[in-house]
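The structure appears below as structure tokens.
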Amino acid sequence: MSDPRDEQDPSAAGSLRVDKWLWCARFYKSRSLAQEAVEGGHVQVNGERVKASRHVRVGDRLRITRERERFELDVTGIPARRGPADEARRHYSETPESEAARAAVREFDRLSAPVPTGRPDKRERRDLLKLVKGREPGS
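Quick note, the sequence shown lines up with residues 26 to 164 if you use our numbering.
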């Protein structure tokens, strides 16, 4: 007797929900994070804002905004499972413009980051801890 889930396997049909595809391609650590990103408008398929239930197919172009990173990529495959990063990368190809833009942002961040003068003293450490905990330093 065959498993009914095999008949409904989206990879056999050549499509997969966009939130599940993002999770399988390792853009998000969980499906719920991927779903929130899609619902928040941070993911577009072929230039359109979509719902998490939208299916992506080979040939679709995705635009993903994740914090300060923006990816523009073409779907080249539908993953059957969430596997290692090397396997996940085989299912998409990033556009050269997207790679260049992300490299420029990384370079800007590297150049604009403050240069530490050494180990922080006690007061600087306290200020850093306050920033990490979400409070303003000196308050």
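Ideal Cβ placement from N, Cα and C applies to all residues, glycine included.
Sequence-distant residues of its chain with Cβ nearer than 6 Å to residue i (five each side left out)
i      : result
LEU47  : TYR53 and ALA59
ASP99  : ARG86 and SER118
GLY84  : none
VAL68  : ALA62 and ILE89
ASP146 : none
SER123 : PHE96 and GLU97
Environment of residue i [buried if 16+ CB atoms lie within 10 Å]
i      : result
ARG150 : exposed
LYS158 : exposed
LYS166 : The displayed coordinates of the chain run from 26 to 164. Any statement about residue 166 would go beyond what the structure contains.
PRO121 : exposed
VAL70  : buried
SER27  : Residue confidence for SER27 is low, a pLDDT of 42 falling below 50, so the modelled location carries little weight; the figure read from the coordinates is stated next. Exposed, because fewer than 16 other Cβ atoms sit within 10 Å of the Cβ of SER27.
Sequence-distant residues of the same chain with beta carbon closer than 8 Å to residue i, five excluded per side
i      : result
ARG94  : The question names Arg, yet the displayed sequence has Glu at residue 94. Hits under 8 Å: ARG127 and VAL130.
LEU41  : PRO35, CYS49, HIS80, VAL81, ILE103 and PRO104
ASP134 : ARG93
GLU112 : PRO104
VAL75  : VAL43, VAL63, VAL68 and GLN69
GLY66  : ARG74
Identified DSSP bridge partners for residue i
i      : result
TYR117 : VAL100
SER40  : ARG82
ARG238 : With the chain running from 26 to 164 in the structure shown, residue 238 is simply not present.
Same chain, Cβ closer than 7 Å to residue i, five either side skipped, listed in chain order
i     : result
GLY39 : ARG82, VAL83 and ILE103
Would you call the region 96-112 in contact with the region 130-143, where contact means no fewer than 3 C-beta pairs closer than 8 Å? no
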